[in-house]
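Asks: Heads up, the sequence shown is in my numbering, so the first residue is -6 and it goes up one at a time.
Where a beta carbon is used, it is the ideal one built from N, C-alpha and C, also for glycine.
The structure presented is a predicted model; accordingly, all values stated were derived computationally and were not measured.
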Amino acid sequence: MTQPVWTHIPIMAPEIADLLLTNPHGVYVDGTLGLGGHTRYFLTRLADDACILGFDKDEEALAIAQERTADKRLQAFHAGYTHAPEKLKELGINGADGALFDLGLSSYQLDNPDRGFSILHNGPLDMRFDRANPVSAAVVVNTWPLQELERILTDYGEEKNATKIALAIMRARKETPFETTEQLKKVVESVCPRYGKNHPATQTFQALRIACNAELDNVAQVLSVLAQIVKPGGRAAVLTFHSLEDRLVKNKFKEMAQSGAWKLINKHALAPSYEEVRHNRRARSAKLRVIERVL
Ligand SMILES: C[S@@+](CC[C@H](N)C(=O)[O-])C[C@H]1O[C@@H](n2cnc3c(N)ncnc32)[C@H](O)[C@@H]1O
-6 MTQPVWTHIP IMAPEIADLL LTNPHGVYVD GTLGLGGHTR YFLTRLADDA
44 CILGFDKDEE ALAIAQERTA DKRLQAFHAG YTHAPEKLKE LGINGADGAL
94 FDLGLSSYQL DNPDRGFSIL HNGPLDMRFD RANPVSAAVV VNTWPLQELE
144 RILTDYGEEK NATKIALAIM RARKETPFET TEQLKKVVES VCPRYGKNHP
194 ATQTFQALRI ACNAELDNVA QVLSVLAQIV KPGGRAAVLT FHSLEDRLVK
244 NKFKEMAQSG AWKLINKHAL APSYEEVRHN RRARSAKLRV IERVL
């Protein structure tokens, strides 16, 4: 069988390049390389002696990014972006000119049923960015206690039926352990009937993805070590896709700016143009925040 050609359209690439690439000869960190869409766009704007260090937890995405980019200015690492400070140190680089964090998951991961992220396709209940991570979505629903399930559904899914869904998961897993996305969808549907245009398990899927990849913890952690990634005069850009992430970035950037060591490049989050959203529906919830290191 032929492999599908996976795609991911980089979001707000020209806007990010305008704000982030202040030095055409510089060193940049792409903390979430994905299929390399942003990186390839950035490389068209950078000189021959520039360099991009790309990080991703997803080894399969990383291989595609490297093959499609095929540019010696890209060095790709199978590692979480929280490891960027030690990688820079190891390479003898005293801070990058800019860093991008394009949060969440790529269309490659979402559209690939084998990865278990999508509510639209049946697949294994996986949802890990990194296949080496021992905590898959199945591990969470099959083994975490009721209170933890309720907590993640409330905190990461903003799910108002968190208790009902957590209890239904507990009951169902006693009968048959969860293995597929379809099983989970059915259990959620059994206690929350379909209403409106979103599937009732949409928020549950979001909560599980955030929990098994410790997404918000990683964002908080990388923002707290940004000064070990970006040098004075350098910038960091963060693209978020839901209010939990955006709130975290907004508050952290505000705190950093108040310290005097950083300044906000845009006071309010920037959004993709109407044209971009018309061509790429997945851009519709994107928000971009950029900060510059002053000291
Ligand atoms: C929205 S996609 C990036 C798409 C990319 N900008 C492009 O244009 O192709 C987000 C990527 O971040 C990766 N990711 C998520 N959390 C990560 C982390 N803590 N460290 C490194 N990569 C991470 C995911 O595996 C995914 O490939």
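1. For the beta strand (DSSP E) that VAL287 lies in, which residues bound it at each end?
2. Looking at the secondary structure, which residues open and close the alpha helix (DSSP H) in which CYS205 lies?
3. Does ligand 2 have even one heavy atom less than 7 Å from the beta-carbon of HIS31?
4. Compute the Euclidean distance between the alpha carbons of PRO106 and GLN251, then round it to the nearest angstrom.
5. If you measure between the beta carbons of LEU216 and LYS245, is that distance less than 8 Å?
6. Within the same chain, show all residues whose beta-carbon is closer than 6 Å to that of VAL181, passing over the 5 residues directly before and after it, in chain order.
7. Does the Cβ of GLY27 lie closer than 7 Å to at least one heavy atom of ligand 1?
8. Rounding to the nearest angstrom, what Cα-Cα distance links TYR188 and ILE222 in this structure?
9. Going by CA-CA distance only, name the one from GLU52, LEU12, ASP11 and ALA43 that's closest to LEU28.
10. By Cβ distance below 8 Å, which residues in the same chain neighbour VAL132 in space, the five residues on each side in sequence not counted?
11. Quick check on this structure: which residue in GLY150, ASN135, THR147 and LYS256 has the alpha carbon closest to the alpha carbon of GLU168?
12. Just curious, the beta strand (DSSP E) that TYR34 is in, first and last residue?
13. Taking the DSSP output, what are the residues bridged to TYR21?
14. Assuming GLY19 and THR32 are in contact, meaning their beta carbons sit under 8 Å apart, how far apart are those beta carbons, in whole angstroms?
15. When the distance is taken between beta carbons, is ALA220 closer than 8 Å to ARG286?
16. Output the distance between the C-alpha atoms of ASN115 and GLY97, rounded to the nearest integer angstrom.
17. At the level of alpha carbons, what is the spacing between ILE284 and ALA264?
18. Can you list, in chain order, the residues of its chain whose CB lies under 6 Å from that of ALA58, leaving out five sequence neighbours each side?
19. Candidates LEU281, LEU84, VAL184 and VAL22: which alpha carbon is nearest SER236's?
20. For ILE258, which residues in the same chain have their Cβ closer than 7 Å to its Cβ, ignoring the five residues on either side in sequence?
21. Which term fits TYR267, buried or exposed, when burial requires 16 or more other beta carbons within 10 angstroms of its beta carbon?
22. Is the beta carbon of ALA200 sitting closer than 8 Å to the one on LEU146?
23. Cα separation between LEU118 and PRO225?
24. Could you name the residues of the same chain whose beta carbon sits closer than 8 Å to that of ARG61, not counting the 5 residues immediately before and after it, in chain order?
25. Could you check where the beta strand (DSSP E) with THR15 kicks off and where it finishes?
26. Inspect the beta-carbon positions of LEU93 and ASP64 and report whether they are closer than 8 Å.
27. State yes or no: is the C-beta of ASN273 nearer than 7 Å to some heavy atom of ligand 1?
28. Got a sec? Which residues, its chain only, sit under 8 Å from MET5 by beta carbon, not counting five neighbours each side?
29. Using CA atoms only, rank isn't needed, just tell me which of GLU248, LYS153 and GLY109 is closest to PHE171.
Replies: According to the data block:
1. Taking the first residue of the sequence shown as 1, we reach residue 287 at position 294. Per DSSP, VAL287 belongs to no beta strand (DSSP E) and is neither H nor E.
2. To locate residue 205, count along the sequence shown from 1; it is residue 212. Residues 195 to 205.
3. This structure lacks ligand 2; the ligands present are ligand 1.
4. One-based indexing of the sequence shown puts residue 106 at position 113. One-based indexing of the sequence shown puts residue 251 at position 258. Roughly 44 Å separates the two Cα atoms.
5. For the purposes of this step, residue 216 is identified with residue 223 of the sequence shown, where counting begins at 1. For the purposes of this step, residue 245 is identified with residue 252 of the sequence shown, where counting begins at 1. Yes, these two residues count as a Cβ contact at 8 Å.
6. Numbered from its first residue, the sequence shown carries residue 181 at position 188. These residues qualify, in order along the chain: ILE158, PRO193, ALA194 and THR197.
7. Translated into the one-based positions of the sequence shown, residue 27 becomes position 34. Yes, the beta carbon of GLY27 sits closer than 7 Å to at least one heavy atom of ligand 1.
8. Here residue 188 corresponds to residue number 195 of the sequence shown, with the count starting at 1. Here residue 222 corresponds to residue number 229 of the sequence shown, with the count starting at 1. C-alpha separation (whole angstroms): 45 Å.
9. Position 35 of the sequence shown holds residue 28. Considering only alpha carbons, the answer is GLU52.
10. Residue numbering aside, residue 132 sits at position 139 when the sequence shown is read from its first letter. For VAL132, where only same-chain residues beyond five positions count, the Cβ hits under 8 Å are CYS205.
11. Stepping through the sequence shown from its first residue, residue 168 is reached at position 175. Nearest of GLY150, ASN135, THR147 and LYS256 to GLU168, Cα basis: ASN135.
12. Here residue 34 corresponds to residue number 41 of the sequence shown, with the count starting at 1. Element bounds for TYR34: not the beta strand (DSSP E) but the alpha helix (DSSP H), 30 to 38.
13. In the sequence shown, the residue the question calls residue 21 occupies position 28. Beta-bridge pairing links TYR21 to ILE45 and GLY91.
14. Counting from one through the sequence shown, the residue named residue 19 turns up at place 26. Counting from one through the sequence shown, the residue named residue 32 turns up at place 39. Contact doesn't hold; Cβ gap of about 14 Å is too wide.
15. One-based indexing of the sequence shown puts residue 286 at position 293. One-based indexing of the sequence shown puts residue 220 at position 227. Going by C-beta atoms, ARG286 is nearer than 8 Å to ALA220.
16. Your numbering for residue 115 matches position 122 in the sequence shown. Your numbering for residue 97 matches position 104 in the sequence shown. Rounded to the nearest angstrom, the two C-alpha atoms are 20 Å apart.
17. In the sequence shown, counting from the first residue as 1, residue 284 sits at position 291. In the sequence shown, counting from the first residue as 1, residue 264 sits at position 271. Approximately 16 Å, taken between the alpha carbons.
18. Position 65 of the sequence shown, counted from the start, is the residue given in the question as residue 58. Hits under 6 Å: LEU26, LEU28 and GLY29.
19. Within the sequence shown, residue 236 is the residue found at index 243, counting from 1. Comparing Cα-Cα distances from SER236 to each of LEU281, LEU84, VAL184 and VAL22, the minimum goes to LEU281.
20. Walking along the sequence shown from the start, residue 258 turns up at place 265. Closer than 7 Å at the Cβ level, and outside the excluded window around ILE258, lie LEU12, ARG228, VAL283, ILE284 and GLU285.
21. As a first step, residue 267 is located in the sequence shown; it is residue number 274 there, counting from the start. Looking at its Cβ environment, which holds fewer than 16 other Cβ atoms inside 10 Å, TYR267 is exposed.
22. On the sequence shown, residue 200 is found 207 positions in, with the first residue counted as 1. On the sequence shown, residue 146 is found 153 positions in, with the first residue counted as 1. Contact flag set, yes.
23. Translated into positions along the sequence shown, residue 118 becomes position 125. Translated into positions along the sequence shown, residue 225 becomes position 232. For LEU118 and PRO225, the distance between alpha carbons rounds to 43 Å.
24. In the sequence shown, residue 61 corresponds to position 68, counting from 1. Closer than 8 Å at the Cβ level, and outside the excluded window around ARG61, lie LEU28, GLY29 and ARG33.
25. For the purposes of this step, residue 15 is taken as the residue at position 22 of the sequence shown. Unbroken run through THR15: none, as it is neither H nor E.
26. The sequence position of residue 93 within the sequence shown is 100, counting from 1. The sequence position of residue 64 within the sequence shown is 71, counting from 1. For LEU93 and ASP64, no; Cβs fall outside 8 Å.
27. As a first step, residue 273 is located in the sequence shown; it is residue number 280 there, counting from the start. It does not: the Cβ of ASN273 is nowhere closer than 7 Å to a heavy atom of ligand 1.
28. For this step, residue 5 is matched to residue 12 along the sequence shown. Excluding residues within five positions, the ones whose Cβ falls inside 8 Å are LEU232, LEU263, PRO265, GLU269, ALA276, ALA279 and LEU281.
29. The count along the sequence shown starts at 1 and reaches residue 171 at position 178. Of the listed residues, the one whose Cα sits closest to PHE171 is GLY109.
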